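Protein chains in written order, with the numbering used here: chain B, 1 to 427; chain A, 1 to 278.
For each residue, glycine too, the CB sits at the ideal point set by N, CA and C.
As the structure is a prediction and not an experimental result, all values here were calculated from the model.
All remarks here apply to the structure that follows.
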Amino acid sequence: MARERFRQGLAAVLVCLGPELARADITPAHADAEVGVATALRLHGDNQITQKAVYFKTNLEDNWDSGYYKAKGRVRYDARYDGNNPYSQEAREDYRFSADWRHLYWGQYVGDGELTVGWQQVVWGRADELRVLDQINPLDFREGLTALLEDSRIAVPMVRLTQPVGEWELEALWVTDFVKNQAPAQGSEFDAPLFARPDPATFIVDSTPDYTAPHGFSYGVSANGQIGAVDASFVALNARQQDPVYAVEGVADDQRIRLERQFPRYSMGGAGLAIDAGHSIVVRSEVAYFDDWRVTNPYRQYGSDESPMIKSLLGVDYLLRNWLISVQWQEQQLLDWQVGMLQDKRDDLFTLSAEGTHLRDRLKSRLALAMSPPAKDDALLQGIFTYKPADWLKLGLEVDVFFGKEDRPFGEYDQRDQVRLSAGYLF
Amino acid sequence: MLPLFKSLTVGVLMLTSASVFAAQGQSADEIIRQARDRNDGKSFMSQVSLVLLDKQGNSRVREFSYLQKDYPDSDKFTMFFSAPNDVRDVAFHIENPHEALGAEDSQWMYLPVSRQTRRISTTDKRGAFMGSDYSYADLDKIRANDYRQTLVAEENIAGRDCYVIERAPASAQVLAKTGYNMLKVWIDKKNLLVMRQDFFDVKGVMFKQMRTLKVETVDQIDSITLSETEDFIAGTRSQLRFNQLQYNVELDDRLFIQTAIKRGLKPGDLPEFAVSAR
């Protein structure tokens, strides 16, 4: 899938940029790249090495009087999924080689605004590693739940127009194709009950519409600016849910329940704000209302359940010299919850993080705690450190430690605490 | 947080011989206010090199475009970093209300990695500016009322006659914001540029010094084009080199709003940089 999108992207950029590039110097005005090695160690059980990868990342940009292009891609080969390993065939095929565009688009200046066309990532809202308004790009969960959003958002094909109006910026976007969240392959290191598919002993999924154009589109608008001393954002989006919903279709001849895997369409409206409250504190808040939200309910005789949903977030940032300390509370609530729904009526998530730069910006650190109450049932401790002893060398250390019960998102990884190491050459 | 380089970089119009800097009998407060309010044009732009020097003298250079424009109630600043790769497309926007209004600055930072613009508190300016020896407080515009100041001497530095003024924080909030228990500042009598500033911690130890290394006259305004700050504890130095300075340039208002930093600097946004000032 990733390889297919990579090829599609490459073909598309050649088609889009062909005329422009024919007139311009094809050498990008800016190019940088990183080649490196990465490994991961699980701290429990057998076969503790879970990654032995080499990777290449590149970033190309050029601009001219009327526009520009940006291309950012990454390629990875993981030798752990070759030869002897404990993973499934599906996992081997999915993880052995992966490639994707982080973005690949062409921009055209239109008056004070600009029109961009191509595979893009668009981030709405101000949340730190949580998603309330940030609903446009699906996520790649193939490395589990703990990858940073900047690494796990999947670029989607879109046409996007931005236009400054006074002190505000207005934005309209049209996503041409539907792309769903990518779950870990079954039998892979990061497979977990959270991503489980319906048990084939009880259910049969005999319909899986893929929402190709013209059914997969989504569209949205946003406005960002200031109201007095408050930063304000307003957004509206009509899109398809990025995780599957299984609708009951009836009973099969073998008495199993027939399901259709759907990605239903919904509408979302929301707002966000941020204000400097003094005393080194910035307060952030977001709220979003999801209409026509669908939830799997295997106890239904037909279809799936529908309920409006509200997601909200309150965050406080405290600046302490070279550290930014953030506390966030996110709540998700189904307003018309029904017995049997495979989504809790209310879901709370708390995060505490500290990000800092030291050693003259050579060391960047992020320490984070995420938990759903009670903390002993569902918690994650994470440390991410990037050290650049020289401008051409980047060393990475990441640690994930999970706590909790097996039926909770972090708890289900309890015996899969990880340490990840990487070394990259920058040029 | 950096409503800033004005105090560091900008000079004053070269006036006629009946200069306002008569000096004799001026109080320290008056001198500081004159330094704060000196004529520095209605707008300003420069290509700035931030040079980080370690103990061994090895250097790293960070390049950014620095834009400033005066508004009726505030000065606004926008910075777009262009090199090296790890800071490319990082941008800041700062709105610095005039001191008489009694309002705090506002600051936003765009980080391309997260693709988000974040509002940053301005009540703790002790952090290092982009890993340098300049703190955000060092780059702040002069605020006369934040300090109790005393004219302690008149000295000659590098051939320039200077007032020497000691400045003590007027409140615990100012001390907490800057981390400086006392400042000693040398102000050029002729053009009111800050030629040197010594920084003292709560124990009275001078741990950092900022020095003006080069002054040039650009568009009839005396301007600091090379400044250096040395941290005596860490043994490191940082320099700010202001290249291609231009005053009173036509800068579009859309470059001075917080949404501009996510958009970045595009061709045609700025007038051509002049080369004469370098």
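The beta carbon of Val-122 (chain B) is closer than 6 Å to those of Ile-136 in its chain, skipping five residues each way along the sequence. DSSP places Glu-286 (chain B) inside the beta strand (DSSP E), whose first and last residues are 281-295.
Taken atom to atom, the span from the alpha-carbon of Tyr-318 (chain B) to that of Asp-133 (chain A) is near 22 Å. Chain B places no beta carbon closer than 8 Å to that of Lys-55 (chain A), leaving this residue out of the contacts. Per the C-alpha coordinates, the member of A:Phe-81, A:Gly-131, A:Thr-259 and A:Glu-154 positioned closest to Glu-63 (chain A) is A:Phe-81. Near chain A, meaning a CB-to-CB distance below 7 Å, the residues of the region 134-157 of chain B are Glu-150. In this structure, Ser-353 (chain B) sits near Asp-128 (chain B), with a CB-CB distance shorter than 8 Å. Using a CB distance below 8 Å, the part of the region 72-86 of chain A facing chain B consists of Pro-84, Asn-85 and Asp-86, ordered along the chain.
Within the region 247-270 of chain A, the residues whose Cβ lies closer than 9 Å to some Cβ of chain B are Asp-252, Asp-253, Arg-254, Ile-257, Gln-258, Thr-259, Ala-260, Lys-262, Arg-263, Lys-266, Pro-267 and Gly-268, listed in chain order. For Lys-364 (chain B), the enclosing beta strand (DSSP E) begins and ends at 363-371. Contact between the region 267-284 of chain B and the region 218-238 of chain B is established, with three or more Cβ pairs separated by less than 8 Å. Between the alpha carbons of Arg-115 (chain A) and Val-282 (chain B) lies a gap of roughly 19 Å. DSSP, reduced to helix, strand and coil, places Gln-244 (chain A) within a strand of the structure shown. If you draw a straight line from the Cα of Tyr-147 (chain A) to the Cα of Ala-176 (chain A), it comes to about 13 Å. Of the residues B:Gln-182, B:Phe-178 and B:Phe-195, the one whose Cα lies closest to the Cα of His-215 (chain B) is B:Phe-178. Proximity to Ser-218 (chain B) across B:Lys-345, B:Pro-138, B:Gly-383 and B:Leu-313 peaks at B:Pro-138, based on C-alpha coordinates. For Ser-106 (chain A), the neighbours in chain B by C-beta distance under 8 Å run, in chain order, Ala-229 and Asp-276. Nearest C-alpha to Asp-210 (chain B) among B:Ser-326, B:Asp-199, B:Phe-263 and B:Pro-409: B:Phe-263.
A distance below 7 Å between beta-carbons, with the five flanking residues on each side excluded, links Asp-29 (chain A) to the following residues of its chain, in chain order: Ala-144 and Gln-149. Boundaries of the beta strand (DSSP E) harbouring Ser-43 (chain A): 43-53, taken from the DSSP string.
Thr-50 (chain B) and Asp-361 (chain B) have their C-alpha atoms roughly 31 Å apart. It is roughly 42 Å from the alpha-carbon of Val-54 (chain B) to the alpha-carbon of Tyr-289 (chain B).
Shown in chain order are the members of the region 341-374 of chain B whose Cβ falls below 7 Å from a Cβ of chain A: Thr-357, Arg-360 and Asp-361. Per DSSP, Val-174 (chain A) is one residue of the alpha helix (DSSP H) stretching across 172-178.
Taking the Cβ atoms as the reference, Ile-157 (chain A) lies roughly 6 Å from Arg-196 (chain A), within the contact range of under 8 Å. Remark: C-beta atoms of Ser-223 (chain A) and Glu-230 (chain A) do not approach each other more closely than 8 Å.
In the structure shown, the three-state DSSP call for Glu-412 (chain B) is helix. Secondary structure note for Asp-391 (chain B): it is in no beta strand (DSSP E), with a DSSP letter that is neither H nor E. Taking all protein chains shown into account, Phe-232 (chain A) has fewer than 16 neighbouring C-beta atoms within 10 Å of its C-beta and is therefore exposed. Taking CB atoms only, Arg-102 (chain B) has no neighbour in chain A less than 8 Å away.
By the rule that beta-carbons nearer than 8 Å mark a contact, Arg-196 (chain A) does not touch chain B. Nearest neighbour of Leu-245 (chain A) by Cα position, chosen from A:His-93, A:Lys-262 and A:Ser-49, turns out to be A:Ser-49. Thr-229 (chain A) has a beta carbon lying at 8 Å or more from every beta carbon in chain B. Residues of chain A whose Cβ lies closer than 7 Å to the Cβ of Pro-164 (chain B) are, in chain order, Arg-254 and Thr-259. Only residues of its own chain outside the window of five on either side were considered, and among them Gly-41, Lys-42, Ser-43 and Asp-219 have a CB closer than 7 Å to the CB of Asn-248 (chain A), listed in chain order. When only Cα atoms are considered, Leu-395 (chain B) and Ser-152 (chain B) end up about 20 Å apart.
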